[in-house]
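K.L.:
One structure is given below, represented as C-alpha cells, and several questions about it will come after.
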Amino acid sequence: MVRKHLKRMYAPKTWAIQRKSIGKWITRPNSGPHNLQTSISLNSLLKEVLRLTQTTKESKNISTDSKIKVNGKLIQELKFPVGFMDIIEIAHSKFIILFNHKGRIVAVPTKLDLKPSKIVNKSWIKGKKLQLNLYDGTNLIIDKDNYKTGDSIFVKDKKIIKHIKFEKGATIFLTAGKHVGMFGKLEQEIETVGSEEPRILFSYGKEKYQTLKKYAFVVEDSMSSTEKIVEKVSEELETVPKETEKIIEKKPKKETKK
C-alpha cells in the first residue's frame, strides 16, 4: 500500500526542493510510469520546481483552469507522477523534465512536441509478435524488428514517428553516475568481461569519459544546447523563493449585500 504522505526531510535526493525552510510534508506522487526517484508529483512540480504556485489550492486552480498536459494528455490529479523526459504543457508554455549535474529533477523550456523514449528491452508475446519495452514502463508492438536496445523512439498514437539509433556519433544524455546531466557524443561501446556491466566511451567537448551504458539516453542533437539552460534553472532552484510568479488570475470576490 502506497503511503499518502512524505516528509520533506526524507524525500528523494533527486527532488530539488526546500527541505527545512517551508513546511514539514510534501505531496507524495501516486504510483505510475516512473518510480519515486525519477519523478515528482504535479503539485510539487508547480510549487517547488517551476515555482508557479505557493499553495496546493493555487495548484488545484491552475490544474483546473489552465488545462495542464503531460505528454499530450490532460492531467488534473495533483499527485500524478511527472518524471524524466516528460513534456509538460501549461497555458502556452512547454517544459521537459531532465536531471541537472547534481542528479536533481529540473524542468526546462522546450519546443519538443513528443518525448523521446528509450528501448530498454525487447520481448516476444503471444501470437509471435515483437514488443518493445520502453524506459517508462510502456510497451509497443511492432511489425518489423528494425530497433535495438538502447535506441530512442518518438511515439504518437502508438505509432513510431522517429527513430534515433544508439550508435557512434549519437547525442546522449547521462541520467546517472558522476557524469549525470551531461550531453555528450557516443564514441564506442567498450568490451567487458564476464559479469561486468556494459560500458561506453563518450566525448564531452575535448575530453573523453567512460560510463555505464545504461546511463546513456539517446536524444536529438538539438537538445545538447539545453545543458546551459538546465544549469541556469538549477542555480535559481538553490535560492529560497521570495515570491512565486502568479499565472492564475484572481477571481473577483462576490459583493455582499448590505
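Residue numbers for the sequence shown follow the working numbering, beginning at -13 and rising by one.
Yeah, the Cβ is synthetic: ideal placement off N, Cα and C, and Gly gets one too.
Since we're looking at a predicted model, the values are computed, not measured.
(1) Using three-state DSSP, classify Gln117 as helix, strand or coil.
(2) According to the Cβ coordinates, are Ile73 and Glu34 closer than 8 Å?
(3) Cβ atoms of Ile158 and Ala202: under 8 Å apart, would you say?
(4) Measuring straight from C-alpha to C-alpha, what distance separates Gly9 and Lys108?
(5) For Lys244, is the classification buried or exposed, using 16 other Cβ atoms within 10 angstroms of its Cβ as the cut-off for buried?
(6) Does the segment 118 to 126 come close enough to the segment 214 to 223 to have 3 or more Cβ pairs within less than 8 Å?
(7) Pull up the DSSP beta-bridge partners for Phe169, would you.
(8) What do you reckon, are the CB atoms on Ile146 and Asp137 nearer than 8 Å?
(9) Assign Lys237 to one of three DSSP states: helix, strand, or coil.
(10) Tell me which residue opens and which closes the beta strand (DSSP E) that Ile205 is part of.
(11) By how many angstroms is the C-alpha of Lys101 removed from the C-alpha of Val141?
(12) Out of Leu84, Lys43, Lys97, Ser17, which one is the CA nearest neighbour of Glu75?
(13) Would you give the residue range spanned by the alpha helix (DSSP H) that Leu31 belongs to?
(14) Does the beta-carbon distance from Ile54 to Leu38 come in below 8 Å?
(15) Quick one: what's got a C-beta closer than 8 Å to Lys199's C-beta in the same chain, skipping five residues either side?
P.N.:
Put simply:
(1) Along the sequence shown, read from residue 1 onward, the residue named residue 117 stands at position 131. Of the three classes helix, strand and coil, the one that applies to Gln117 here is strand, per DSSP.
(2) Numbered from 1 along the sequence shown, position 87 holds the residue referred to as residue 73. Numbered from 1 along the sequence shown, position 48 holds the residue referred to as residue 34. Cβ atoms of Ile73 and Glu34: not closer than 8 Å.
(3) Here residue 202 corresponds to residue number 216 of the sequence shown, with the count starting at 1. Here residue 158 corresponds to residue number 172 of the sequence shown, with the count starting at 1. Taking 8 Å as the Cβ cut-off, Ala202 and Ile158 qualify as a contacting pair.
(4) Within the sequence shown, numbered from 1, the residue matching residue 9 stands at position 23. Within the sequence shown, numbered from 1, the residue matching residue 108 stands at position 122. If you take the alpha carbons of Gly9 and Lys108, they lie about 44 Å apart.
(5) Here residue 244 is taken as the residue at index 258 of the sequence shown, counted from 1. Residue confidence for Lys244 is low, a pLDDT of 46 falling below 50, so the modelled location carries little weight; the figure read from the coordinates is stated next. Lys244 is exposed by the Cβ-count criterion.
(6) no
(7) Residue 169 sits at position 183 when you count from the first residue of the sequence shown. Answer is Phe159, bridged to Phe169.
(8) Along the sequence shown, read from residue 1 onward, the residue named residue 146 stands at position 160. Along the sequence shown, read from residue 1 onward, the residue named residue 137 stands at position 151. Not in contact: Ile146 and Asp137 (Cβ atoms no closer than 8 Å).
(9) Stepping through the sequence shown from its first residue, residue 237 is reached at position 251. Here the model assigns Lys237 a pLDDT of 43, short of 50, so the residue's position is not dependable and the matter cannot be decided.
(10) The residue given as residue 205 occupies position 219 in the sequence shown. A small correction: the amino acid at residue 205 is Val; Ile does not occupy that position in the sequence shown. That run of the beta strand (DSSP E) goes 202 to 205.
(11) Walking along the sequence shown from the start, residue 141 turns up at place 155. Walking along the sequence shown from the start, residue 101 turns up at place 115. Each residue's Cα considered, the two are about 8 Å apart.
(12) Stepping through the sequence shown from its first residue, residue 75 is reached at position 89. The candidate whose alpha carbon is nearest that of Glu75 is Lys97.
(13) As a first step, residue 31 must be located in the sequence shown, where it is residue number 45. First-last for Leu31: undefined, no H or E at that position.
(14) Counting from one through the sequence shown, the residue named residue 54 turns up at place 68. Counting from one through the sequence shown, the residue named residue 38 turns up at place 52. Result no, Cβ atoms of Ile54 and Leu38 do not sit closer than 8 Å.
(15) Counted from its first residue, the sequence shown places residue 199 at position 213. The answer, listed in chain order, is Gly136, Glu175, Glu183, Pro184, Arg185, Ile186.
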